[in-house]
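Participant:
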Amino acid sequence: MISKTFFELRRISRILWVRIALILVLSVLAAFSAELFDPLIPDEFKDRFSAGATLPILTILANSMLAVTTFSVGVMVTSHRAIGNQTTPRIHRLLMEDTRTQTVLATFLGAFTYALVAIILYRAEYYSPAASVIIFVATVLVVVIVVVSILRWIDHLSDLSSLDHALSVAEDRARQTLDTHARYPTLGATSLSDLGQIPEGTDPVLAPTSGYLRFIDVEQLSEAAEEKGFKVYLTRLPGDTILEGQPMAQVINADEETCAELAKHFALGRNRSPEQDPRYALQVLGETASKALSPGINDPGTAVEVIIRLERRLWTWSHTEPAEEAETQASIYCCAFGPAELLETAFDGLMRDGAGQIEVLLRLQAALITLAEGGSDEMKDASAQMLDRMEDHGDKALPTEADKARLRQARKQLSAA
Numbered sequence: 014m015i016s017k018t019f020f021e022l023r024r025i026s027r028i029l030w031v032r033i034a035l036i037l038v039l040s041v042l043a044a045f046s047a048e049l050f051d052p053l054i055p056d057e058f059k060d061r062f063s064a065g066a067t068l069p070i071l072t073i074l075a076n077s078m079l080a081v082t083t084f085s086v087g088v089m090v091t092s093h094r095a096i097g098n099q100t101t102p103r104i105h106r107l108l109m110e111d112t113r114t115q116t117v118l119a120t121f122l123g124a125f126t127y128a129l130v131a132i133i134l135y136r137a138e139y140y141s142p143a144a145s146v147i148i149f150v151a152t153v154l155v156v157v158i159v160v161v162s163i164l165r166w167i168d169h170l171s172d173l174s175s176l177d178h179a180l181s182v183a184e185d186r187a188r189q190t191l192d193t194h195a196r197y198p199t200l201g202a203t204s205l206s207d208l209g210q211i212p213e214g215t216d217p218v219l220a221p222t223s224g225y226l227r228f229i230d231v232e233q234l235s236e237a238a239e240e241k242g243f244k245v246y247l248t249r250l251p252g253d254t255i256l257e258g259q260p261m262a263q264v265i266n267a268d269e270e271t272c273a274e275l276a277k278h279f280a281l282g283r284n285r286s287p288e289q290d291p292r293y294a295l296q297v298l299g300e301t302a303s304k305a306l307s308p309g310i311n312d313p314g315t316a317v318e319v320i321i322r323l324e325r326r327l328w329t330w331s332h333t334e335p336a337e338e339a340e341t342q343a344s345i346y347c348c349a350f351g352p353a354e355l356l357e358t359a360f361d362g363l364m365r366d367g368a369g370q371i372e373v374l375l376r377l378q379a380a381l382i383t384l385a386e387g388g389s390d391e392m393k394d395a396s397a398q399m400l401d402r403m404e405d406h407g408d409k410a411l412p413t414e415a416d417k418a419r420l421r422q423a424r425k426q427l428s429a430a
């Protein structure tokens with residue numbers, strides 16, 4: 014399980030401007046540090062790789078990289094906007110964390126900054142003859158990196174604005190989140206069947222601000238609780254909306270100061286994060302299917318594709334055994350997301366919006382029956398309830414009696430198979 018500090022560092026590292034800023038700093042340092050290698054350069058190289066050999070390359074690099082960076086940023090913004098219109102605005106946050114796009118843009122802007130700073134230092138006569146050798150070698154290396162980045166960018170552009178790429182990104186994040194949740198269903202805490210098991214007389218750990226609960230550092234929370242002999246009962250899970258002053262957990266016999274210290278191990282933010290929130294990852298895919306079924310897009314094929322992706326992710330989740338160390342924090346108690354919550358998040362909106370299209374309902378029906386037959390008792394019960402609700406939607410929305418009968422007959426055949 015990752016800690017809150019690692020979670021925050023990983024979140025920050027996926028912000029576009031942070032990665033670009035780091036590359037810019039490295040570029041400036043590379044340009045200024047050439048003088049440090051002066052004693053290492055043999056005299057015979059100082060005349061061969063002078064400013065006259067390097068400045069033209071730097072000038073070309075500076076001129077071209079600014080144009081390439083501007084063009085690439087425009088392509089990224091246009092592509093993300095188009096994908097957001099086709100799918101859901103939530104998928105834009107996942108696409109913005111695409112490390113390949115971030116690295117390419119950072120490389121282009123870093124190369125421009127390096128070339129510009131090196132030209133300025135040349136004109137200021139900062140570089141000695143030995144430093145010019147280092148700058149020439151560094152410039153050749155930058156050119157090689159830029160060429161490789163351009164090739165990667167060209168390959169990536171073919172996928173950047175495609176719906177299939179967006180669905181693959183969303184499914185990959187859902188796979189990561191569901192795999193972690195399957196292995197650690199209670200985030201590493203002791204399992205609690207329901208909140209009714211919380212003893213009376215507990216003190217609340219209050220939220221310091223309003224927002225979404227993004228992450229709970231169960232390991233650090235357990236260390237803080239064990240140090241003072243407390244037991245902590247988590248009443249909110251990642252993905253829940255919390256207002257300032259509302260309880261996030263309950264602690265036995267803790268004072269207000271202690272509860273405030275424990276609150277530091279909860280990360281809240283304006284947006285949801287998929288790290289510990291499997292419902293969010295499923296919601297992004299489900300919303301994409303619902304958007305495809307809207308009158309403005311009318312693309313039931315995409316809805317069927319999303320159902321297939323959701324089916325395989327939930328199938329893998331239901332067949333993944335918890336890790337041996339799944340419950341290691343004996344002083345922390347937590348309820349887990351059940352199959353009913355995950356199925357509802359994945360298919361509820363899709364079932365409602367696709368109720369009038371028989372091809373969507375038939376594929377959803379097949380997915381639910383497959384998950385029921387291959388899953389746990391809880392999965393069977395949750396799938397059966399959703400199948401009943403789906404038939405109710407179909408009875409009200411399907412245009413013909415033949416389609417309604419077809420839906421009921423398909424369920425009988427699939428169940429008997």
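Counted from 1, the sequence shown has number 210 at position 197 by the working numbering; the numbering is strictly sequential.
A virtual CB, placed ideally from N, CA and C, is assigned to each residue, including glycine.
For R431, does the count of other Cβ atoms within 10 angstroms reach 16, so buried, or fall short, so exposed?
Facilitator: Given that the chain is displayed from residue 14 to residue 430, the structure contains no residue 431 and the question cannot be resolved.
Participant: DSSP three-state call for A430: helix, strand or coil?
Facilitator: Low per-residue confidence applies at A430: pLDDT is 49, beneath 50, and the placement is therefore not dependable enough to give any value.
Participant: Measuring CA to CA, which of I163, D168 and T222 is closest to K277?
Facilitator: Nearest of I163, D168 and T222 to K277, Cα basis: T222.
Participant: Output needed for D366: all residues of its chain with C-beta closer than 7 angstroms, excluding positions within five of it in sequence on either side, in chain order.
Facilitator: S303 and L306.
Participant: Which residues does DSSP pair with G224 in a beta bridge?
Facilitator: I255.
Participant: Locate the alpha helix (DSSP H) running through Q456, then write down its first and last residues.
Facilitator: Here the chain covers residues 14 to 430 and nothing more, so residue 456 does not appear.
Participant: Hey, L219 and C272 are a contact pair by Cβ (cut 8 angstroms); roughly how many whole angstroms apart?
Facilitator: About 7 angstroms; that satisfies the 8 angstroms criterion.
Participant: Considering L180, what are the terminal residues of the beta strand (DSSP E) in which it resides?
Facilitator: Taken as a continuous stretch (DSSP letters only), L180 belongs to no beta strand (DSSP E), being part of the alpha helix (DSSP H) at L176 to R196.
Participant: To the nearest angstrom, how far is it from the Cα of S46 to the Cα of M78?
Facilitator: Each residue's Cα considered, the two are about 22 angstroms apart.
Participant: Where does the unbroken alpha helix (DSSP H) through P313 begin, and where does it stop?
Facilitator: P313 to S331 is the extent of the alpha helix (DSSP H) around P313.
Participant: Just confirm the distance between the C-beta atoms of A294 and R196, as a whole number of angstroms; I'd bet it's less than 8 angstroms.
Facilitator: Going by Cβ atoms, the distance from A294 to R196 rounds to 15 angstroms, so no, they are not a contact pair.
Participant: Would you call the stretch 106 to 124 in contact with the stretch 151 to 166, where contact means no fewer than 3 C-beta pairs closer than 8 angstroms?
Facilitator: Segments in contact, yes.
Participant: Please classify Q296 as buried or exposed, where buried requires at least 16 neighbouring CB atoms within 10 angstroms.
Facilitator: By the 10 Å Cβ count, Q296 comes out buried.
Participant: With a threshold of 8 angstroms on Cβ separation, who are the neighbours of V81 within its own chain once the five nearest residues in sequence on each side are excluded?
Facilitator: Cβ within range, chain order: F121 and I163.
Participant: G5 by DSSP, collapsed to three states: which one?
Facilitator: Residue 5 is absent from the model: the chain starts at 14 and stops at 430.
Participant: Smallest Cα separation from L176: which of E239, E357 and T100?
Facilitator: It is T100.
Participant: I'd like the span of the beta strand (DSSP E) that includes R207, first residue to last.
Facilitator: In the sequence as presented, Arg is not what sits at residue 207; that position holds Asp. That residue, D207, is in no beta strand (DSSP E); it is neither H nor E in DSSP.
Participant: Please look up how many angstroms separate the CB atoms of L384 and E324, rounded, as I've assumed it's under 8 angstroms.
Facilitator: L384 to E324, Cβ: 7 angstroms. Contact.
Participant: Out of V156, L208 and L68, state which residue places its alpha-carbon closest to the alpha-carbon of I133.
Facilitator: Comparing Cα-Cα distances from I133 to each of V156, L208 and L68, the minimum goes to L68.
Participant: Contact check, G97 vs L39 under 8 angstroms by CB: the rounded distance?
Facilitator: No, G97 and L39 are not in contact; Cβ-Cβ is about 32 angstroms, not under 8 angstroms.
Participant: Quick one: what's got a C-beta closer than 7 angstroms to A397's C-beta in the same chain, skipping five residues either side?
Facilitator: Excluding sequence neighbours, A397 sits near A385.
Participant: Confirm, please, whether the CB-CB distance from G388 to P335 is below 8 angstroms.
Facilitator: No, Cβ-Cβ distance for P335 and G388 is not below 8 angstroms.
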